[in-house]
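Below is one structure, written out as structure tokens; comments come after it.
In the numbering used here, the protein residues as written are 1238 to 1568.
So, in structure tokens, the structure goes:
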């Protein structure tokens, strides 16, 4: 049957909100729950802060311009690691006996390279050696992270690692601004982009987890992601090109997973029913010549992106709608 999951982020600004988010996702997403991310708690809880907390062998610190690599972890880097550890402890406690699938998220190497600065300034993206070092440090860190999560959720029947790459399309198109803001970093060649992603995805798969890539940015080359070794593609249904539809159909037919963003991250003026959610997905599958009865759990319904900016009420409701829509699609 088709199942539902969340992209990752949830609303909330403190640890009480995190505990409530864990209760919500465990209750609403029994087939494939996820470790919530609450960026509203501050910079150490953002996508970049979380990825740096996972990264192995490199230090970082927070500067006025943002995160910067350093020789040793600075105080904010240590805080990011501590917060991730607290979150994993809280998730582990509430997930005791949980036997469904578990998904964790981490920013990908190209989004990090476009966000984090080198020790002497400017983005990591500007230096080929720094790009390589960051991607390899992330791959090794993710490897250890997967082992830690698996130890904590021993009863889970599936472990997914979603690599978030919202900046990849901009990196490939040469649209990332330099530190001055007056110029743009040169575009990255496709072979290099694929190789760096491949290191991270291979580390995930070698640890027995499923590597997914999520992007809600139009223009991301999904074929490149498949070539780099993804086993799941998470995309926004409304931002796909004709070529994207073809790649997703090929992925489903090859036994890979497609997570389809079908509900908005903020409450619309007219909230769809589960039947309407199911109907929109059924129309898409029909366009591809696929039957929902044959795609099974390889087709996953999600929101279009994270829910950090949603109200608490909508965040809970959208997860319930996704689960009900998924059930109705193959009911």
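By construction, the Cβ of each residue, glycine as well, lies at the ideal position given by its N, Cα and C atoms.
Inset, instruction - Answer yes if the stretch 1415-1430 comes into contact with the stretch 1379-1388, meaning at least three C-beta pairs across the two stretches below 8 Å, and no otherwise. - result: With a cut-off of 8 Å, the stretch 1415-1430 and the stretch 1379-1388 do not count as touching, because too few Cβ pairs lie within range.
Legend entry - CA nearest to the CA of residue 1565, picked from 1244, 1550, 1530: Nearest of 1244, 1550, 1530 to residue 1565, Cα basis: 1530.
Legend entry - Distance between residue 1242 and residue 1297 (C-alpha atoms, nearest Å): Distance between the alpha carbons of residue 1297 and residue 1242: 31 Å.
Legend entry - residue 1437 - containing alpha helix (DSSP H), residue span: In this chain, the alpha helix (DSSP H) harbouring residue 1437 covers 1427-1443.
Inset, instruction - Answer yes or no: do residue 1537 and residue 1496 have a C-beta to C-beta separation smaller than 9 Å? - result: Yes, they are a contact pair.
Inset, instruction - May I ask you to report which of helix, strand or coil DSSP gives residue 1342? - result: Residue state, collapsed to three classes: strand.
Inset, instruction - Mind checking which residues open and close the beta strand (DSSP E) that includes residue 1559? - result: Unbroken run through residue 1559 is the alpha helix (DSSP H), 1549-1567; no beta strand (DSSP E).
Legend entry - beta strand (DSSP E) runs contained entirely in the stretch 1339-1380, provided each spans 3 or more residues: Whole beta strand (DSSP E) segments, 3+ residues: zero.
Legend entry - Top-ranked residue by Cα proximity to residue 1541, from 1520, 1392, 1504, 1523: Selected option, being the one with the closest Cα: 1504.
Inset, instruction - Determine the closest residue to residue 1563 out of 1525, 1278, 1361, 1498, with distance taken between C-alpha atoms. - result: Distance check between residue 1563 and each of 1525, 1278, 1361, 1498 places 1498 closest, using alpha-carbon atoms only.
Inset, instruction - Using only alpha-carbon positions, find the residue among 1285, 1535, 1508 that is nearest to residue 1556. - result: The candidate whose alpha carbon is nearest that of residue 1556 is 1508.
Inset, instruction - Would you check if there are 3 or more beta carbon pairs closer than 8 Å linking the stretch 1281-1291 to the stretch 1318-1326? - result: With a cut-off of 8 Å, the stretch 1318-1326 and the stretch 1281-1291 count as touching, because enough Cβ pairs lie within range.
Inset, instruction - Indicate the three-state DSSP secondary structure (helix, strand or coil) for residue 1413 in the structure shown. - result: It is coil, neither helix nor strand.
Legend entry - Validate contact between the stretch 1353-1368 and the stretch 1258-1275 using beta carbons, cut 8 Å, 3 pairs: Not touching, per the Cβ criterion.
Legend entry - residue 1330 - DSSP class collapsed to helix/strand/coil: Judged by DSSP in its simplified three-state form, residue 1330 adopts helix.
Legend entry - Spatially closest choice to residue 1512 from 1567, 1501, 1460, 1528, by CA coordinates: 1567 is the residue among 1567, 1501, 1460, 1528 whose C-alpha sits nearest the C-alpha of residue 1512.
Inset, instruction - Using beta-carbon positions only, say whether residue 1292 and residue 1405 come within less than 9 Å of one another. - result: Not in contact: residue 1292 and residue 1405 (Cβ atoms no closer than 9 Å).
Inset, instruction - Can you tell me which of the three DSSP states residue 1295 falls into? - result: The three-state reading of DSSP puts residue 1295 in coil, since its state is none of H, G, I, E or B.
Inset, instruction - Report the option in 1347, 1546, 1489 whose CA atom is closest to the CA atom of residue 1432. - result: Of 1347, 1546, 1489, the residue nearest in Cα terms is 1347.
Inset, instruction - Using 10 angstroms around the beta-carbon of residue 1524, count the other beta-carbons present and answer buried if the total reaches 16, otherwise exposed. - result: Exposed, because fewer than 16 other Cβ atoms sit within 10 Å of the Cβ of residue 1524.
Legend entry - Run of the alpha helix (DSSP H) containing residue 1490, from where it starts to where it stops: Boundaries of the alpha helix (DSSP H) harbouring residue 1490: 1479-1490, taken from the DSSP string.
Inset, instruction - Provide the residue span of the beta strand (DSSP E) that contains residue 1538, from first to last. - result: It spans 1536-1540 - the beta strand (DSSP E) in which residue 1538 sits, taken as one unbroken run.
Inset, instruction - Return the CA-CA distance between residue 1239 and residue 1470, expressed in angstroms with no decimal places. - result: Each residue's Cα considered, the two are about 15 Å apart.
Legend entry - Rounded C-alpha distance that separates residue 1468 from residue 1435: When rounded, the distance between both Cα atoms is 12 Å.
Inset, instruction - Measuring alpha carbon to alpha carbon, tell me which of 1402, 1359, 1379 ends up nearest residue 1415. - result: Ranking 1402, 1359, 1379 by Cα distance to residue 1415 puts 1359 first.
Legend entry - For residue 1471: DSSP bridge partner residues: According to DSSP, residue 1471 bridges with 1451, 1496.
Legend entry - Sequence-distant residues of its chain with Cβ nearer than 8 Å to residue 1447 (five each side left out): Cβ neighbours of residue 1447 beyond the five flanking positions: 1395, 1396, 1397, 1398, 1441, 1468, 1469, 1494.
Legend entry - Span separating the alpha-carbon of residue 1449 from that of residue 1561: Across the structure, residue 1449 and residue 1561 are spaced so that their CA atoms are roughly 23 Å apart.
Inset, instruction - Use the C-beta contact count for residue 1478: other C-beta atoms within 10 angstroms, 16 or more gives buried, fewer gives exposed. - result: Residue environment: residue 1478 is assigned as exposed (fewer than 16 neighbouring CB atoms within 10 Å of its CB, all protein chains considered).
Inset, instruction - Grab me the residues of residue 1329's own chain with a C-beta within less than 8 Å of its C-beta, minus the 5 sequence neighbours each way, in chain order. - result: Setting aside the 5 residues that flank it on each side, residue 1329 is surrounded in the same chain by 1389, 1390, each with a C-beta closer than 8 Å to its C-beta; the list follows chain order.
Legend entry - Proximal residues to residue 1551 (C-beta, below 6 Å), its chain only, five neighbours per side dropped: Closer than 6 Å at Cβ, skipping near neighbours: 1504.
Inset, instruction - Ignore the nearest five residues each way along the sequence and tell me which others in residue 1373's own chain have a CB closer than 7 Å to its CB. - result: Correct list, in chain order: 1436.
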